Amino acid sequence: MAFTLRPAEPGDSAFITDMLVEAGDWGHTGATSPERVARILADVKAARYVTGWQRPGDIGVVAADEDGAPIGACWSRLFTPEEPAYGFVAADVPELAIGVVRPWRGKGIGRTLLRELLDRAHAAGHARISLGVDLDNPARRLYEAEGFITVDTRPTAVTMVRSL
């Protein structure tokens, strides 16, 4: 199954929001619905990943299928101590989020998106990048395999960091 990567653009806001829903509600097997989107965005910390996309400093990559339809996205942005997201470690460390459309999972798209975003974050001058992930989310194994280390553990999730 062939796919291509392209930089995320301001017009990708709705798709990136859908990918946030897939990431935040990763165990759900149904379609992305307005109700699911509203439930995820009602969480202020979760909404911070996508609100106002694409602001200065945001970095993103979109995977598209052979027809150009988006099938996954990985993006990062900076947060502040006053308005952190789930994987916040410092104001100068961008935090990433990633989502892949369910039928495309397990085909290497997430790993490819992640590696591309890491390269772009490094090229933008960042020394580290962070993320938050549920303890039982299978994506955690991907992050560990790609060099992320756990720096904080909460009852149901961890914060992980990787040097760039």
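Heads up: the sequence shown runs through residues 17 to 180, numbered per our numbering.
Ideal placement from N, C-alpha and C gives every residue a C-beta, glycine not left out.
No experiment lies behind these values; they were computed from the predicted model shown.
Collapsed DSSP secondary structure at residue i in the structure displayed
| i | result |
| --- | --- |
| T172 | coil |
| R156 | helix |
| D150 | strand |
| F31 | helix |
| L21 | strand |
| R55 | helix |
| G122 | coil |
| R136 | helix |
Member of the options whose CA lies at the smallest distance from the CA of residue i
| i | options | result |
| --- | --- | --- |
| A63 | S29, G73, A80, P72 | S29 |
| L21 | A54, G84, T169, E162 | G84 |
| D168 | V117, T128, V177, E111 | V177 |
| M35 | S92, L180, D108 | S92 |
| I87 | F31, A173, L158, T166 | F31 |
| A39 | V109, R55, A113, P26 | A113 |
| A58 | D74, V78, T33, I75 | T33 |
Strand pairing of residue i, partner residues [DSSP]
| i | result |
| --- | --- |
| T166 | M176 |
| R127 | In the DSSP output, where bridge partners are listed per residue, R127 has none listed. |
| R144 | S179 |
Ordered list of beta strand (DSSP E) runs contained in the region 66-119, each at least 3 residues: 75-81, 86-93, 111-116
The region 93-108 touching the region 121-138, judged by at least three CB pairs closer than 8 Å: no
Stretch-stretch touch, CB-based, cutoff 8 Å, three pairs: the region 151-168 with the region 67-81: No, because fewer than three Cβ pairs between the region 151-168 and the region 67-81 fall closer than 8 Å, the two stretches do not touch.
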